[in-house]
Amino acid sequence: MALMKYTVEVEESKPAVGDRPSAGPVYRSIFAKDGLLELPAGIESPWEFFSKSVEKNPKNPMLGRREIVDGKVGPYVWTTYQQVYDESIEIGSAIRHSGVNPGDRCGIYGSNCPEWITAMEACNSHGVQYVPLYDTLGANAVEFIINHAEISLVFVQEIKIQAVLKCLERCTPHLKTIVSFGKVTDEQKKEAEQVGVSCFSWKEYSSLGSQYCKELPPRKKSDICTIMYTSGTTGDPKGVILTNEVIMASVLVTDHMLFVTDKAVSEEDSYFSFLPLAHVFDQIMENYCIYKGASVGFWRGDVRYLMEDIQELKPTILCGVPRVFDRIYTGTLDKVSSGGALQKRLFQFAYNFKLKNLEKGLKQDQASPFFDKLIFSKIKQVLGGRVRCLISGAAPLRRPVEEFLRVTCCGIVSQGYGLTESSGGCMSCVANVFSMMGTVGIPISTIEVRLESVPEMGYDALSAVPRGEICLRGKTMFSGYHKRQDLVEDVIVDGWFHTGDIGEWQPDGAMKIIDRKKNIFKLSQGEYVAVENLESIFGQCPLITSIWVYGNSFESFLVAVVVPDRKALEDWAALNNEPVDFSLLCENPKANKYILDELNSTGQAHKLRGFEMLKAIYLEPTSFDIERDLVTPTFKLKRSQLAAYYKDRVDQLYIEGKGTKA
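So the sequence shown is residues 1 to 662, counted in UniProt numbering.
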């Protein structure tokens with residue numbers, strides 16, 4: 001392969017040995033050519049990042065939310081670094097007074113808000129492990145995590161208290177204290193006390209801490225900071241163990257990569273918090289902003305007002321998932337299209353002019369200052385007018401959307417790749433390198449990467465264009481799965497974490513994600529989908545004989561090709577005065593809706609989540625067969641062949657699912 005510009009080879013490739021497939025060379029970032037980034041001596045915990053920022057900028061606005069008075073929303077109201085510190089100290093003392101000691105675990109359950117961060121810092125101050133709780137992992141995920149992590153105290157958003165009370169009787173072996181982010185009713189207190197659990201409002205608990213001040217204990221880099229539960233496969237959620245060292249290294253490498261490729265965050269910056277703090281991506285970014293003394297403003301928790309909150313905050317740093325950027329893209333194009341022929345021609349001329357300059361290698365702010373001011377500044381106002389850095393993660397960003405953002409947002413756009421097990425991003429695009437568009441960039445400076453061949457899928461890590469499973473090792477990797485050493489042994493082989501994602505090295509050292517080793521992928525909003533599990537559930541619907549569920553990381557919902565049960569469909573036709581002809585019934589919109597509704601009813605009965613339901617289906621009268629190479633001799637679905645065979649049908653299903661006409 002051609003010489004890589006942005007990576008360096010640090011170990012040679014390995015040929016296949018026995019059952020072990022061949023592996024490509026080990027690469028690291030050019031920015032870590034002399035060794036992976038090390039933590040400086042003398043820092044032991046993320047608490048020190050926060051407390052040092054308090055010393056440097058005590059009066060800087062730290063956490064902000066929009067004030068709501070009499071149902072009307074107002075401007076952002078801020079608490080300073082010193083105020084958040086004081087409250088964290090009080091809450092931390094209350095945690096210790098409740099019998100939670102260093103090394104024990106607290107849960108945090110709710111939408112992003114100042115109390116979420118304050119609870120996190122309170123746990124950090126006393127070496128208490130915090131465990132984010134969230135319900136998108138399944139119907140019983142909160143109950144499972146409380147018991148599996150042996151959580152004795154949980155901080156809960158007001159509107160989530162009832163959900164905790166509902167499962168409280170099954171959590172009492174461990175859970176002893178509930179603290180509301182806000183208020184708590186007398187009825188809720190009484191219900192909790194009936195099973196021996198104390199329930200406090202935020203104000204009550206903070207006051208308790210001020211009465212029983214506890215001295216901060218020593219902390220160590222090797223201490224567990226947080227256990228973050230993630231799905232990614234079928235079965236129960238997995239608790240990913242992240243130490244203080246890993247969290248701090250993730251923060252410092254974020255700073256290092258921004259510094260060497262663009263501009264590091266400072267106390268002048270503001271960050272818009274709306275991606276879930278229960279996920280590692282946003283949590284590392286907020287820890288980074290706190291480390292730099294920047295301001296963090298929270299959304300209201302309602303997607304309908306997302307853009308309004310952004311425009312009010314006017315952030316300089318914005319992290320999002322592809323679905324959010326898709327909305328910005330389509331919304332902006334709609335406005336341009338409705339603006340008249342002259343406006344459209346002017347926009348297109350400016351767009352093409354700047355795009356050509358970016359493709360020539362000019363930096364964002366040098367590609368077209370004139371059109372930035374005349375045309376694109378109006379688009380920048382959609383994001384508040386001050387954004388200088390857009391970061392996309394969780395799933396691949398569609399190329400037209402990424403190109404559009406790079407041309408029009410008047411700031412840098414960086415796409416990255418990471419997992420909970422890598423403590424967030426492990427690869428990131430280099431700012432102002434336009435040729436990296438469509439890739440997830442290069443390894444960050446705490447990570448080494450190699451590709452491992454996957455012969456059964458035709459991917460060769462030693463070919464002229466290296467392709468294979470992405471494997472990681474380095475300073476920002478997890479320490480294991482809580483109480484599940486067996487799962488660790490499945491994914492870590494010879495010191496390398498196997499991600500399950502298939503990558504392709506680009507000539508400049510950037511990585512492109514091209515496939516998934518197992519049939520698990522993310523939708524565009526960042527949610528994992530295990531299609532084989534869904535197929536087994538939908539397959540229990542008595543109206544069908546076969547089903548192939550399809551989705552990809554560029555779309556937000558699932559579609560399927562379904563082979564109906566002939567007798568069941570013909571019986572329905574007879575009862576509903578429809579022509580009893582199987583082939584014609586498969587083209588009948590009423591029959592299609594009937595089977596789609598029954599499939600989703602089956603999904604609901606098995607407690608599937610909203611994004612796991614089907615949005616549109618195609619009824620196939622002919623069973624999947626070997627003759628068309630759609631199944632194996634043992635009748636397992638051949639997914640790549642199905643995707644190719646039904647490509648046109650799938651494209652049409654997505655048009656239908658989005659509610660547009662063909």
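Where a beta carbon is used, it is the ideal one built from N, C-alpha and C, also for glycine.
Under the DSSP assignment, Phe-349 falls in the alpha helix (DSSP H) whose first and last residues are 341-359. Taking 8 Å as the cut-off, the Cβ atoms of Phe-371 and Ala-341 do not count as close.
The alpha-carbon of Tyr-212 is positioned some 7 Å away from that of Ala-94. Measuring C-alpha to C-alpha distances from Met-307 to each of Phe-259, Leu-383, Leu-534, Gly-239 identifies Leu-383 as the nearest. Within its own chain, the residues whose Cβ lies closer than 8 Å to the Cβ of Ile-117, once the five positions on either side in sequence are excluded, are Leu-63, Val-84, Leu-277, Glu-286, Ile-290, Val-296, listed in chain order. Short of 7 Å from the beta carbon of Gln-641, and not among the five residues preceding or following it, lie these beta carbons of its own chain, in chain order: Asp-629, Leu-630. In the three-state DSSP reduction, Tyr-291 falls in the helix class (H, G or I).
Arg-105 and Tyr-329 have their C-alpha atoms some 42 Å from each other. Here the stretch 41-60 makes no contact with the stretch 437-454; the two share fewer than three CB pairs at distances below 8 Å. Beta-bridge analysis with DSSP links Gly-474 to Ile-447. Straight across, the Cα-Cα distance linking Ile-379 with Phe-259 is about 26 Å. Secondary structure of Ala-461 (DSSP, three-state): coil. In the structure shown, Ser-93 falls within a helical segment according to DSSP collapsed to helix, strand and coil. Residues of the same chain with a CB within less than 6 Å of the CB of Cys-167, apart from the 5 flanking positions on each side, are Glu-143 in chain order. Along the stretch 201-277, the alpha helix (DSSP H) occurs as fully enclosed runs of 4 or more residues at 202-211, 244-261, listed in sequence order.
Selection Phe-347, Glu-578, Pro-542, Asn-552 evaluated against Pro-564 yields Pro-542 as nearest (Cα-Cα). The Cβ neighbour count for Glu-312, taken over all protein chains shown within 10 Å, is at least 16; the residue is labelled buried. The stretch 167-186 makes no contact with the stretch 269-284; the number of CB pairs closer than 8 Å stays below 3. In terms of Cα proximity to Leu-523, the closest of Ala-264, Arg-304, Lys-567, Met-613 is Met-613.
Sequence-distant Cβ neighbours of Phe-347 in its own chain, meaning closer than 7 Å and more than five residues away, are Val-336, Ile-375.
Relative to the Cα of Glu-204, the nearest Cα in the group Phe-155, Ala-249, Thr-243, Gly-385 belongs to Phe-155. At a cut-off of 3 residues, the continuous stretches assigned as beta strand (DSSP E) that sit fully inside the stretch 122-176 are 129-133, 153-156. In the DSSP assignment, Ala-644 falls within the unbroken alpha helix (DSSP H) covering 639-645. Put simply, of Cys-426, Met-427, Pro-369 the residue whose alpha carbon is nearest the alpha carbon of Cys-410 is Pro-369. Distance from the Cα of Trp-299 is smallest, within the candidate group Lys-607, Glu-535, Pro-75, for Pro-75.
The stretch 550-563 and the stretch 609-627 touch, with no fewer than 3 CB-CB distances between them shorter than 8 Å. With respect to Ser-29, Val-100 sits apart: the two C-beta atoms are not nearer than 8 Å. Closest in C-alpha terms to Val-433, from the list Leu-358, Cys-426, Asn-57, comes Leu-358.
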